[in-house]
Amino acid sequence: MEHKLFLYNTLSRTKELFVPIHPNHVGMYVCGPTVYGDAHLGHSRPAITFDLLFRYLQHLGYKVRYVRNITDVGHLENDADEGEDKIAKKARLEELEPMEVVQYFSDRYHASMDLLNVKKPSIEPRASGHMIEQINMVKEILDAGFAYESNGSVYFDVEKYNKSNHYGILSGRVLEDLLSNTRDLEGQDEKRNSFDFALWKKAQPEHIMRWPSPWSDGFPGWHLECSAMSERYLGEQFDIHGGGMDLMFPHHESEIAQSTVCNHKAPARYWMHNNMITINGQKMGKSLGNFITLDEFFSGNHKALEKAYSPMTIRFFILMAHYRSPLDFSNDALQAAEKGMTRLFKALETLEKLVPGDTSTVNVQEVETNCYLAMDDDLNSPIVIANLFEAVRIINSVFDKKESLTAQDIEMLKNILHTFIFDILGLLPEAASSAGNETIEGLMQLILDIRASARASKDWATSDKIRDDLAKVKITVKDTKEGASWSID
RNA sequence: GGUAUCAUGGCCGAGCGGUUAGGCACCGGUCUGCAAAACCGAUUACAGCGGUUCGAGUCCGCUUGAUACCUCCA
48 MEHKLFLYNT LSRTKELFVP IHPNHVGMYV CGPTVYGDAH LGHSRPAITF DLLFRYLQHL
108 GYKVRYVRNI TDVGHLENDA DEGEDKIAKK ARLEELEPME VVQYFSDRYH ASMDLLNVKK
168 PSIEPRASGH MIEQINMVKE ILDAGFAYES NGSVYFDVEK YNKSNHYGIL SGRVLEDLLS
228 NTRDLEGQDE KRNSFDFALW KKAQPEHIMR WPSPWSDGFP GWHLECSAMS ERYLGEQFDI
288 HGGGMDLMFP HHESEIAQST VCNHKAPARY WMHNNMITIN GQKMGKSLGN FITLDEFFSG
348 NHKALEKAYS PMTIRFFILM AHYRSPLDFS NDALQAAEKG MTRLFKALET LEKLVPGDTS
408 TVNVQEVETN CYLAMDDDLN SPIVIANLFE AVRIINSVFD KKESLTAQDI EMLKNILHTF
468 IFDILGLLPE AASSAGNETI EGLMQLILDI RASARASKDW ATSDKIRDDL AKVKITVKDT
528 KEGASWSID
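Taking our numbering, the leading residue of the first sequence gets 48, the next gets one more, and so forth.
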C-alpha cells in the first residue's frame, strides 16, 4: 500500500508531505520533561503524541532514531527565585543531592510512561551529561559574533541575528513587537535587549549545580541543551522536532537561532507541536498549580477525580482527540473514554468467537483503508478510532447473525484491529480487575455457587439478597449465559 | 498591547466546499425470573452578522467570546 504521510509543519502552518532527508531513515527529537516533580496529565500528551508518530513511522518501515531529552539543569526560577537553578532550589529544600532528585523523578517519570505503554526513545540524553557540547556551542556562537559576554554570562544577540535571519520564523513573531514588551527582571541590565536569551549563566554563590567554563562557573542557558544534543545524535539537520505548543516561543525559536548560527541551516525540517490539556478551560501546568499527576489519576487520589482512571483510559482519552486540538479534562469525558475503550476490547474478544460464513456482506478492507488514510492525514487518531468502532459494529452484527464474514475476512479483520489497536495506537487490554487475591477469589466462588443453586431452585429472594448485599460493598454481580461474573467497582 | 489558535448537538470530540463522523448519556427494542451488562436501532448541531459560490460548520470580512505564548512550563 502506498503511503503519503502528511504532517502539519508549524513552520509553514500547513500539512506537508513527509519526505525524510535520508530515504527510509527518520531522525526525530522531542523535548522531554524537566525532572523536578512528578509527571502530570499534561506531560502525557507529547509523550503519547510522539509515541504514536514513532510507532507509525516504524510501522511504515522507517528506521527511526527517536531522541527525547531529560532536562536536569539549566532552567531558571522566576520572581524571587530568579537566577536560581530550579533543580538546585528543590534540592536544597529537600536537603538532597540535585542528582538524587533528578534520579528519583526520572525513575518515576519512566514508571508512568511504561504504564501508559509509551515506547522508550532510542536515546534519552541528559543535559548534565552534555556540558562539553553545550560549552562548545556557546564558543561557536561567540566566535561567529552572535553572542556577547556580560559579567560572566553569555547572551545571544537576537537583534544582530534578526538582521540576517528571521527571529520569529516559527512563532510568527516580529522583533519590533517584542521590543515593546520590556519588563523589569533581575539580570536584565546584563542584556543589551530584553529579548536576548542566555547561552551561559554565571552561578550565584548558593548554586549547587555548576560547571566550569571559559566565562564563569555556571550552567548552560535555557535552550542550549536541545540544540547541542539534537545535533550530537541526529546531525546538523534532521527530520522532525516535536514538543508542546507552549515551547514554541521562546524555546524552539531560540533553538533555531542557535543552530542556524552554528550550522548555517535550520536544524529541523518539520516542527510539530501538540496542544495543551486544559482543566476548567485553563492550561494544566506547574506554574498554575492546577495539575493532577498521573499517579493521582491511576489511584483516583485527588479531590477533582470521581474515581481512579487506568493508564490505558488516559491513553485512549488522549488519542480520542487530535493532537493539535486543545483537550479539556473532565470526569465525564474520561468515563466516556473508559466505557468506549471497554467496548472496543470486548469486541476484540467477540471477534475470536465469530463463526465464518460462506460470503461476506461487509467490506472489511474499507476499515483498513480508512484507518491508514486517517493516520496519513497528520495522525488523525480520532478518525482511526471512529473506524475501529465501525469494525466493532461489524463484529457485533456478525455475532448477531445480521451480517456475515468469510473466514478469510475474519482473519483480515483480526490483523487490521491488532495492528491498529496494539501496534499503532499502543493500547493494551486492561488486566482483569477481579484477579489477584486467592482468598477473595475463593470466597466469591463460594458465594456465587450458593447463589447459583438458589437460582436453580428459583429462590429469587436469596439470589437477589446476595446480589444486593454484595452491591453494598461495591461488588457487582452480572448473570451471563456462561454463569455469573463479578467485579469490584 | 503584540503573536498564534479556537468557538460544532446534553457532554466529549471529528470535519479543510457538495451524500453518516465516532464515543458517552438519553429514548425505543432484543436478551434476562428481575436487574445489571451486552447488543441492535432512532433522535438532537455547527457563536452572531454580512459576503463569495449552483452549493458553506467547511472560504472571506466584521462582531462577540475563549485559550495559549510574549517569564520556567508538555
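For every residue, glycine included, the Cβ atom is placed at its ideal position computed from N, Cα and C. In this text, all values refer to a predicted model and were calculated from it rather than measured experimentally.
For residue i versus residue j, is the C-beta spacing smaller than 7 Å?
i: ILE494; j: ARG92; result: no
i: MET256; j: ALA135; result: yes
i: SER301; j: PHE242; result: no
i: ALA394; j: ILE442; result: yes
i: ASN198; j: GLU237; result: yes
i: LYS133; j: HIS72; result: no
i: SER444; j: GLY404; result: no
i: ARG112; j: GLY74; result: yes
i: GLU477; j: SER377; result: no
i: PRO172; j: MET276; result: yes
i: PRO267; j: GLN382; result: no
Using the DSSP secondary-structure output, state which residues sit across from residue i in a beta bridge.
i: GLY290; result: HIS320
i: ARG112; result: GLY74
i: ASP526; result: ALA531
i: GLU63; result: LEU54
i: GLU196; result: VAL201
i: LEU374; result: ILE324
i: TRP269; result: Partner(s): none; TRP269 has no beta bridge.
i: ALA421; result: DSSP output for ALA421 lists no bridge partner at all.
i: GLN329; result: ILE326
i: HIS465; result: Answer by DSSP bridge pairing: none, since HIS465 is not bridged.
What three-state label does DSSP hand residue i in the structure shown?
i: GLN251; result: coil
i: ASP154; result: helix
i: TRP258; result: strand
i: ASN125; result: In this predicted model, ASN125 has a pLDDT of only 37, less than 50, meaning its place in the structure is not dependable; the value taken from the coordinates is given anyway. Three-state DSSP puts ASN125 in coil, outside helix and strand.
i: LYS133; result: helix
i: ARG279; result: helix
i: ARG502; result: helix
i: ILE37; result: In the structure displayed, the chain extends from 48 to 536; residue 37 sits before or after that span and is not available.
i: THR486; result: helix
i: THR340; result: strand
i: THR389; result: helix
i: LEU475; result: coil
i: THR408; result: coil
i: THR118; result: strand
i: THR81; result: strand
i: HIS87; result: strand
i: MET315; result: Here the sequence assigns Ala to residue 315, which means Met is not the residue at that position. Three-state DSSP puts ALA315 in a strand.
i: PHE285; result: strand
i: LEU246; result: strand
i: THR397; result: helix
i: SER480; result: Low local confidence applies: a pLDDT of 46 at SER480 is under 50, so the model's placement there is unreliable, with the coordinate-based value given in what follows. Of the three classes helix, strand and coil, the one that applies to SER480 here is coil, per DSSP.
i: LYS238; result: coil
i: ASN427; result: coil
i: GLY176; result: helix
i: LEU335; result: coil
i: THR307; result: helix
i: ARG220; result: coil
i: PRO403; result: coil
i: ASN434; result: helix
i: LEU452; result: coil
i: ASP231; result: Because the pLDDT of ASP231 is 46, which lies under 50, any placement of that residue in the model is unreliable, and the question is left without a value.
Return the Cβ separation of residue i and residue j in integer angstroms, given the expectation that the two are a contact with Cβ distance under 8 Å.
i: LEU398; j: LEU341; result: Wrong, their Cβ atoms sit about 31 Å apart, outside the cutoff.
i: LEU217; j: THR57; result: 6 Å
i: VAL201; j: ALA191; result: With a Cβ gap of about 13 Å, VAL201 and ALA191 do not count as contacting.
i: VAL520; j: ILE463; result: That pair is no contact at about 42 Å.
i: GLY332; j: ASP375; result: Contact doesn't hold; Cβ gap of about 14 Å is too wide.
i: ASN321; j: ARG371; result: 7 Å
Given the structure, does residue i come close to the ligand GDP, in the sense that its CB is under 6 Å from one of the ligand's heavy atoms?
i: ILE326; result: Of ligands this structure carries none, so the ligand GDP is not represented either.
Can you find the residues in the same chain that come closer than 8 Å, C-beta to C-beta, to residue i, ignoring five residues on each side of it along the sequence?
i: GLN284; result: ILE68, ASN310, LYS312, ALA313, PRO314, ALA315 and ARG316
i: GLN305; result: MET184, ILE188, PHE203, LEU246, HIS270, LEU271 and SER274
i: LEU401; result: ILE442, VAL445, PHE446, LEU452 and ILE457
Cutting at 6 Å between CB atoms, please list the residues of its own chain near residue i, excluding the five before and the five after it.
i: GLU63; result: ASN56
i: THR118; result: THR81 and ALA174
i: LEU52; result: PHE65 and ASP423
i: VAL149; result: VAL82 and ASP119
i: MET491; result: TRP533
i: GLY79; result: ARG115, ASN116 and ILE117
i: MET178; result: TRP258
Whose C-beta lies closer than 7 Å to the C-beta of residue i among residues of the same chain, with five residues either side of it excluded?
i: ALA351; result: ILE339
i: PHE467; result: CYS418, VAL431 and LEU435
i: THR307; result: ASN212 and ALA313
i: GLY293; result: Note that residue 293 is Asp in the sequence shown, not Gly. So the qualifying residues of the chain are MET323.
i: ALA501; result: THR509 and SER510
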